[in-house]
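What follows is one structure encoded as structure tokens, with my remarks underneath.
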Amino acid sequence: MTDEMGEVDDVTNTEVDVRVEVAEADPSLADERPVVFNVKDLSVYYAAFRAVRDVKIEIRRHEVTAFIGPSGCGKTTVLRCFNRMNDLIDGARVEGTLTYHGVDLYDPKVNPVEVRRRIGMVFQKPNPFPKSIYDNVAYGPRIAGQKSDLDDVVEQALRRSALWDEVKDRLKKSALGLSGGQQQRLCIARAIAVNPEVILMDEPCSALDPIATGRIEDLMSEIKLDYTIVIVTHNMQQAARISDRCAFFTTEVNEASDVRTGVLVECDRTEKIFANPTDERTENYVTGRFG
Amino acid sequence: MTATLAPSAPDHDDVFDILTGSSISFSRRVKNRAATAFMIGALLIAALPLLHLILTVVSKGAHAITPDWFTKDIPGNIGQTASQQQINERFAGGSATLDVTKVVLGMRPAIVGTLITTLAASLMAIPLGILGAVYLNEYGKKGRLASFIRFMSDVMTGVPSVVMGLFIYTVWVIPNGVSGASAFAGALALGCLMLPIVVRSAEEMLRLVPDNLREASAALGTRTWRTTLGVVLPAALPGITSGCMLAVARAAGETAPLLFTIGGVTALNASLSGGNTALSMQIFANATENTNEQTLLAWGAALTLITTVLFLTVLARFVTGRFANLR
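Protein chains in written order, with my numbering: chain G, 12 to 302; chain F, 5 to 331.
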């Protein structure tokens, strides 16, 4: 697994290589990266149903943290807590603490709109607006009140998401005319354009072919220099390739009531999760004996 | 090659028969034909009244439409301006002998009246209706107030149009005395009629906008009202426009709400105040008269009304088609 990590980093740039090597040589150094999110005893309810319980994770700056686990174990639910997207679902409720740079995100005084400006999100299904490519990327900055230099912002965001060369001649055309992979990169560009600190990605490659997936993975290893990325993925190879840290979730079934609850099994450095996990369930999952 | 893969590969002719359908039994073919014939027949029967109506209106109303129709006033007592003989001749198709200086068939006041009443009603009902729909779908959702408004809106759809007319007659026309009956009063009645149609159709269209667009916008730190204005309404616009056009077409053709409210004054009046008339009013008023000229006026007004509504609908389709290019 460590070989695979190296391979991906080779194609990005040398700066990353150095840092990863240092981190591998001395894992304690990686733990000194500042904590962006600190999650403790988090449970998420949909009305009376507890979907996930007792989640404890630290998300560190300029790292890619991957959430892995079988379907229905609450990875997406937890991810959507980080930018309070669950607020939009009727009856969704959070217990426990989730802090962002030490501030409780669920403090009643916190405005979810401000949270989402700093913590962007890319969804499972590409969801460009039915507008032009340009307007899609310029949407966020315009909402934030920016009126000048929009052309620059749009170009930079599209360059960063490796889409500029493909769309520069048709910026005024509908975004819905792009292929699925292009649409997803456009959604990443749209998220980048507001310059968030964190980008949450909910299975961003599940609707894409391997080539488009590869491009988005390259993109992630590149942009993590500037952003903090949390990604939900079903693809363990993908988690191994791109993430620095991995959180493994699973489902616990209450035999008596047949209620399924998602739980966090362990969260550790990716090498450790894949090579030498602490929990037996993690080992079974990553070696393919379960799920 | 296939033979080696499948030991009992089906015979070519059998496969051909299956795929071309020639192995289908006689009784199934008969049933198929009968069902197809029945469906086409049902369609024709349904379309027949419409075709007949359009043909009748065109054939009976077309020769009323002259340049005068759009520029001259509605003739008063026709018996005094034209002899019965001339009228009979013209109605029999001998229009060459008609002395147009004596009978001028004009409908301008009613055309103007219909346009301003419908426009005023639309200006009242469409913004209010769309705002109501936005509240129901984007804010109220399944709340008690929203459910109540939705229910009342349904009830309002079911109120007969004549009752709407009476309602405005009671609350607006009577309190305002002589100046009560006007295009404005008519527009109020038509607006009441349009409002629930606009609300429910716009809400339906807003509901069709996928939630993932709302989420995408919210995830960029957008407040609900900005999301609604910037993403949801533009995406729903073509559908909302169609719904509004339906309401406009309905209002333009209504007679009952205008009976008590518009005054039935046939002189040209291009303002919202003062007595006015409308195409639907003229159809009603003239069709109940006995003379052939009066009947011709009614047919002409009917043709004008149908054409206007058709024109508005096509225009709306065209405009929204341009907006919808980015969909």
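Ideal Cβ placement from N, Cα and C applies to all residues, glycine included.
Classification of residue i by the beta-carbon crowding that lies within 10 angstroms, buried from 16 upward
i	result
F:Met156	exposed
F:Ser126	buried
G:Glu32	Here G:Glu32 scores only 44 on pLDDT, less than 50, and its place in the model should not be relied on; the value that follows carries that caveat. With fewer than 16 other Cβ atoms within 10 Å, it is exposed.
F:Gly195	buried
G:Asp213	buried
G:Arg226	buried
G:Phe285	buried
G:Lys179	exposed
F:Gly45	exposed
F:Ile22	exposed
G:Gln194	buried
G:Pro215	buried
F:Arg33	exposed
G:Leu109	buried
F:Glu319	Per the sequence shown, residue 319 of chain F should be read as Leu rather than Glu. Under this definition F:Leu319 is an exposed residue.
Proximal chain F residues relative to residue i, where beta-carbon distance stays under 8 Å
i	result
G:Asn94	Ala223
G:Glu125	Gly225
G:Gly102	Going along chain F, no residue has its Cβ under 8 Å from G:Gly102, so there is no contact; the nearest lies around 11 Å.
G:Arg201	Ala220 and Leu224
C-alpha gap between residue i and residue j, whole angstroms
i	j	result
G:Asp20	G:Cys92	Annotation note: pLDDT 41 at G:Asp20 (below 50); position unreliable, no value reported.
F:Leu237	F:Leu210	7 Å
G:Ile203	F:Leu57	60 Å
G:Pro3	F:Arg230	This structure cannot settle anything about residue 3 of chain G, because the visible part of chain G is limited to 12 through 302.
G:Val133	G:Ala103	20 Å
F:Ala220	G:Thr239	19 Å
G:Gly273	G:Ser54	9 Å
G:Asp101	F:Ala51	46 Å
F:Arg204	F:Ile153	10 Å
F:Trp176	F:Ala189	7 Å
F:Pro164	F:Pro200	13 Å
G:Val164	G:Ala149	8 Å
G:Val66	F:Ala239	38 Å
F:Asp158	G:Gln157	43 Å
F:Glu208	F:Ile28	44 Å
F:Leu252	F:Thr281	It is Val, not Leu, that sits at residue 252 of chain F in the sequence shown. Rounded to whole angstroms, F:Val252 to F:Thr281 spans 17 Å at the Cα level.
G:Leu211	G:Leu116	15 Å
F:Leu149	F:Tyr139	10 Å
F:Ile78	F:Leu197	28 Å
G:Ala258	F:Val213	35 Å
G:Pro137	G:Pro81	22 Å
F:Thr75	F:Pro113	9 Å
F:Lys64	F:Thr312	17 Å
G:His245	G:Arg71	21 Å
G:Asn97	G:Arg127	12 Å
G:Glu263	G:Thr281	23 Å
F:Ile287	F:Gly147	45 Å
G:Tyr57	F:Asp18	57 Å
F:Gly144	F:Leu123	29 Å
Chain-ordered chain G contacts of residue i [CB-CB under 7 Å]
i	result
F:Asn216	Phe134, Lys136 and Asn138
F:Val236	Those do not exist, as F:Val236 stays about 10 Å from chain G at its closest Cβ, beyond 7 Å.
F:Ala239	Pro141
F:Arg230	Ile154
For residue i, the first and last residue of its enclosing beta strand (DSSP E)
i	result
F:Phe188	Element bounds for F:Phe188: not the beta strand (DSSP E) but the alpha helix (DSSP H), Ala187 to Leu212.
G:Asn265	Arg256 to Asn265
G:Thr272	Val270 to Arg280
F:Asp77	Per DSSP, F:Asp77 belongs to no beta strand (DSSP E) and is neither H nor E.
F:Leu170	Unbroken run through F:Leu170 is the alpha helix (DSSP H), Ser165 to Ile172; no beta strand (DSSP E).
G:Ile70	Phe60 to Arg71
G:Ile253	It is not in any beta strand (DSSP E) - G:Ile253 instead sits in the alpha helix (DSSP H) that spans Met247 to Ile253.
G:Asn49	Val46 to Tyr57
G:Thr244	It is not in any beta strand (DSSP E) - G:Thr244 carries neither H nor E in the DSSP assignment.
Where the alpha helix (DSSP H) through residue i begins and ends
i	result
F:Asp18	His16 to Thr24
G:Arg128	Pro123 to Arg129
G:Glu294	Glu291 to Val297
F:Arg148	Arg148 to Gly162
F:Arg112	Arg112 to Val138
Contacts of residue i in chain G (Cβ-Cβ under 8 Å)
i	result
F:Ala150	Chain G residues near F:Ala150: none, gap ~13 Å exceeds 8 Å.
Partners in chain G for residue i, counting only beta-carbon separations shorter than 9 Å
i	result
F:Glu219	Met96, Leu99, Met132, Phe134 and Asn138
F:Arg211	Correct list: empty, because the minimum Cβ distance to chain G is about 15 Å.
Where residue i meets chain F, residues with beta-carbon distance less than 7 Å
i	result
G:Val205	Leu224 and Gly225
Quiz item: Of all the beta strand (DSSP E) runs that stay within the bounds of the segment 150–237 of chain G, which reach a length of 3 or more residues?
Solution: Listed in chain order, the complete beta strand (DSSP E) runs (minimum 3 residues) inside the segment 150–237 of chain G are 209–213.
Practice problem: Could you name each continuous alpha helix (DSSP H) segment of 4 residues or more that falls completely within the segment 198–283 of chain F, going from the start of the chain to the end? | Solution: If you keep only unbroken alpha helix (DSSP H) runs of at least 4 residues inside the segment 198–283 of chain F, you get 215–222, 228–231, 237–257 and 260–263.
Quiz item: Which full runs of the alpha helix (DSSP H) of 4+ residues lie inside the segment 75–141 of chain G, going along the chain?
Solution: The alpha helix (DSSP H) runs of length 4 or more contained entirely in the segment 75–141 of chain G are, from start to end of the chain, 86–90 and 123–129.
Quiz item: Of all the alpha helix (DSSP H) runs that stay within the bounds of the segment 37–82 of chain F, which reach a length of 4 or more residues?
Solution: Runs of the alpha helix (DSSP H) lying entirely within the segment 37–82 of chain F and spanning at least 4 residues, in chain order: 71–75.
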